[in-house]
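Participant: Residue numbers (our numbering): -1 to 88. A virtual CB, placed ideally from N, CA and C, is assigned to each residue, including glycine. What follows is a single structure, and I will ask about it in a moment.
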Amino acid sequence: MSKTFFFPLETRNRDLAHQNVALTQLLTYDALTRCRSHRYFVATVGRWLESSDDAPVTLIIADIDHFKSINDSYGHGVGDIYLRAVGRAL
């Protein structure tokens, strides 16, 4: 086969690989905060629970006090800024 056939195929494969990386990022990280996503958390906890080694696992759950009132009082734009700041702090 000619190089003319393989070059577009290589390009297509490279493009698909880049798209797969981008999709993995979208599934792994929250778009707003850049913290790990809920989907990632659920998948990770599932793997922990299924693992056969009895290694200890620590889980910390945090809640942002009065976040709804911040969103309601100042708007979602300010709420988003607040969420990003909390995400950076974590």
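Report the residue from Ser67, Trp46, His64 and Asn69 whose alpha carbon sits nearest the alpha carbon of Leu57.
Facilitator: Trp46
Participant: What number of angstroms, rounded off, separates the C-alpha of Ser35 from the C-alpha of Leu24?
Facilitator: 9 Å
Participant: Going by C-alpha to C-alpha distance, which of Ile62, Leu21, Asp13 and Ser67 sits closest to Gly85?
Facilitator: Ile62
Participant: Please report the distance separating the alpha-carbon of Val19 from that of Lys66.
Facilitator: 34 Å
Participant: Helix, strand or coil, according to DSSP, for Arg34 in the structure here?
Facilitator: strand
Participant: If we call anything under 8 Å between Cβ atoms a contact, is Leu30 one with Arg82?
Facilitator: yes
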